[in-house]
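Novice: Structure provided below as structure tokens; questions to follow.
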Amino acid sequence: MYFAYSLLTLVVFVVISPYFVYQAIRYKKYIGSLRQRLGFLPISFNIDGDDSIWIHAVSVGEVLTARAIAADLKTRYPRLRLFLSTTTIAGQQIARRQIQHADGVFYFPFDWTLTSRRTLNLVRPRLFLMMETEIWPNLLRLCRKRGVKTVVINGRISQRSYPRYRIVRPFFRRVLADVDRFCMQSEESARRLISLGADASRVTVSGSLKFDSLQRPSSTHARPRDRVLRFFRVSANRTVIVAGSTLKGEEAAVLRAFVRVKSALPSALCVLAPRQPERFGEVERLARDAGFVVMRRTELPIDAEPRADVVVLDTIGELAQLYQLATAVFVGGSLADHGGHNILEPAVFGKPIVFGPHMQNFKEIADAFLSNDAAIQVQSDRELDTALVALVTDPVRRARLGAAARALVEANRGAKEKTLAVIGELLPVPGAGSVVRPFRLVH
38 MYFAYSLLTL
48 VVFVVISPYF
58 VYQAIRYKKY
68 IGSLRQRLGF
78 LPISFNIDGD
88 DSIWIHAVSV
98 GEVLTARAIA
108 ADLKTRYPRL
118 RLFLSTTTIA
128 GQQIARRQIQ
138 HADGVFYFPF
148 DWTLTSRRTL
158 NLVRPRLFLM
168 METEIWPNLL
178 RLCRKRGVKT
188 VVINGRISQR
198 SYPRYRIVRP
208 FFRRVLADVD
218 RFCMQSEESA
228 RRLISLGADA
238 SRVTVSGSLK
248 FDSLQRPSST
258 HARPRDRVLR
268 FFRVSANRTV
278 IVAGSTLKGE
288 EAAVLRAFVR
298 VKSALPSALC
308 VLAPRQPERF
318 GEVERLARDA
328 GFVVMRRTEL
338 PIDAEPRADV
348 VVLDTIGELA
358 QLYQLATAVF
368 VGGSLADHGG
378 HNILEPAVFG
388 KPIVFGPHMQ
398 NFKEIADAFL
408 SNDAAIQVQS
418 DRELDTALVA
428 LVTDPVRRAR
438 LGAAARALVE
448 ANRGAKEKTL
458 AVIGELLPVP
468 GAGSVVRPFR
478 LVH
């Protein structure tokens, strides 16, 4: 069965390789990472062969969530090196910038036995942590054979992926047996995982680390992580719409809504943050064609107010801090059917949030926000127009939504301690002890 899986992944790789070749030629992607994806890390990466803790975080969202425990792991296990891998280029960039406690960052290997073995030989993990639902059969089997402890942290099984896992349940059950512990975000995800074959005694509902990964707002903008704000010296009375992590089709909807916002508030500014870097140029042209004065973030002068109607955020890792400037926020990936994106980043700043009907990837969190009147869900482009115009013209409604959003974030912190307690059971820390209690999202 493992041979069939490996063969299938190889066939898929061959079939989609023309796409990667095109991306490499057109956007210079993947070329520099291929050796690491084949398991060839530089010898200098771990030249002394030290034991380590290895965290795998697929992309930007998972990397930012990993911040919640990285520093604590380094403090609790000072004799172990801390390595972090990503799958995407954007995730790699953010990891190198923001996971300051990592001793090294690299690209995750293709899940073939040979490539995984090469990586394990150099990384030498005693503990392998997988963020969310990163289940890699060959790597996990090798970890079990080598005695490497494995934990899924911040785990989830979405409503969309659950039926697909059920199709391969007999194989998936064998793979899950190679994982020592599962720290799941919600009771629903835990139930789904157990029905797929996970041993219930290995499953803990720890809550979402996304709440704990959020840095509390600072009282000053002088901190290095807020440097981006120096390019947005926005006057206090200027309305700012931030549309974050948008995907194809969503920018056009936001711009149509922004036409109405501008008619009511002529000085308004819209910040468009496309999810995919290769679409920066496309989104810029779209905004110009809509008749707006457009600038890219990298074109803005420092310590000045943007002299534009629309700014395209053509950088990686700055969106979270820009949310604090927003009068109202639209979180993308939700109007287009892509499962939604993280609504907690604007929530921690107490901002009123609007998202579309497709929030499958954040269902529990989205449901909690809606039931607590901490966000607005729209079903169409037309409703997005109405919601944004209503928010920018109603300060009382904005304040109520924002306060509820921030309160919900603060009420649901605590997954970090539960996750670290589970890790401590597998990799004991002298003098450490904690009780892991069931998690329930606080409404």
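Going from the sequence shown to the numbering used here is simple: count from 1 and add 37. From the three backbone atoms N, C-alpha and C, an ideal C-beta is built for every residue, glycine too.
(1) Measure from the alpha carbon of P311 to the alpha carbon of each residue in I353, R297, V331, then state which is nearest.
(2) Three-state secondary structure (DSSP) at L323?
(3) Is it a yes or a no for the segment 351 to 370 touching the segment 174 to 194, going by three-plus beta-carbon pairs under 8 Å?
(4) Could you check if H378 is buried or exposed, using at least 16 other CB atoms within 10 Å of its CB as the buried criterion?
(5) So does the segment 225 to 235 actually touch the segment 457 to 467, counting three or more Cβ pairs closer than 8 Å?
(6) Inspect the CB distances between the segment 313 to 327 and the segment 298 to 305 and report whether three or more fall short of 8 Å.
(7) Please classify L47 as buried or exposed, where buried requires at least 16 neighbouring CB atoms within 10 angstroms.
(8) So, is F40 buried or exposed, given that buried needs 16 or more other C-beta atoms within 10 angstroms?
(9) If the criterion is Cβ atoms closer than 8 Å, does the pair G393 and V415 meet it?
(10) As an exercise, report each continuous alpha helix (DSSP H) stretch of at least 4 residues that is fully enclosed by the segment 183 to 268, in chain order.
(11) Please list the terminal residues of the continuous beta strand (DSSP E) segment that includes F120.
(12) Tell me where the alpha helix (DSSP H) around S89 begins and ends.
(13) Around the Cβ of M167, are there at least 16 other Cβ atoms within 10 angstroms (buried) or fewer (exposed)?
(14) When you compare each of R118, A373, P383, A345 to E287 by their alpha carbons, which one comes out closest?
(15) For the segment 433 to 443 and the segment 400 to 412, state whether three or more C-beta atom pairs, one from each stretch, are separated by less than 8 Å.
(16) Tell me whether P261 is buried or exposed, calling it buried when 16 or more other Cβ atoms sit within 10 Å of its Cβ.
(17) How is the alpha helix (DSSP H) around F165 delimited, first residue to last?
(18) Report the start-end ranges of each alpha helix (DSSP H) in the segment 378 to 417 that is 4 residues or longer and not cut off at the edges.
Specialist: Looking at the atomic coordinates:
(1) Of all alpha-carbon atoms in I353, R297, V331, the one lying nearest the alpha-carbon of P311 is that of I353.
(2) DSSP, read as helix, strand or coil, puts L323 in helix.
(3) no
(4) buried
(5) Result no; under three Cβ-Cβ pairs closer than 8 Å.
(6) A contact between stretches requires three or more CB pairs, one per stretch, nearer than 8 Å, and the segment 313 to 327 fails this requirement with the segment 298 to 305.
(7) exposed
(8) exposed
(9) yes
(10) 199 to 204, 206 to 213, 224 to 232, 246 to 250
(11) 118 to 123
(12) Where S89 is concerned, there is no enclosing alpha helix (DSSP H), although the beta strand (DSSP E) around it starts and stops at 89 to 93.
(13) buried
(14) A373
(15) yes
(16) Residue confidence for P261 is low, a pLDDT of 42 falling below 50, so the modelled location carries little weight; the figure read from the coordinates is stated next. Flag for P261 reads exposed.
(17) F165 -> not in any alpha helix (DSSP H); beta strand (DSSP E) instead, spanning 162 to 168.
(18) DSSP runs (the alpha helix (DSSP H)) wholly in the segment 378 to 417: 381 to 384, 400 to 408.
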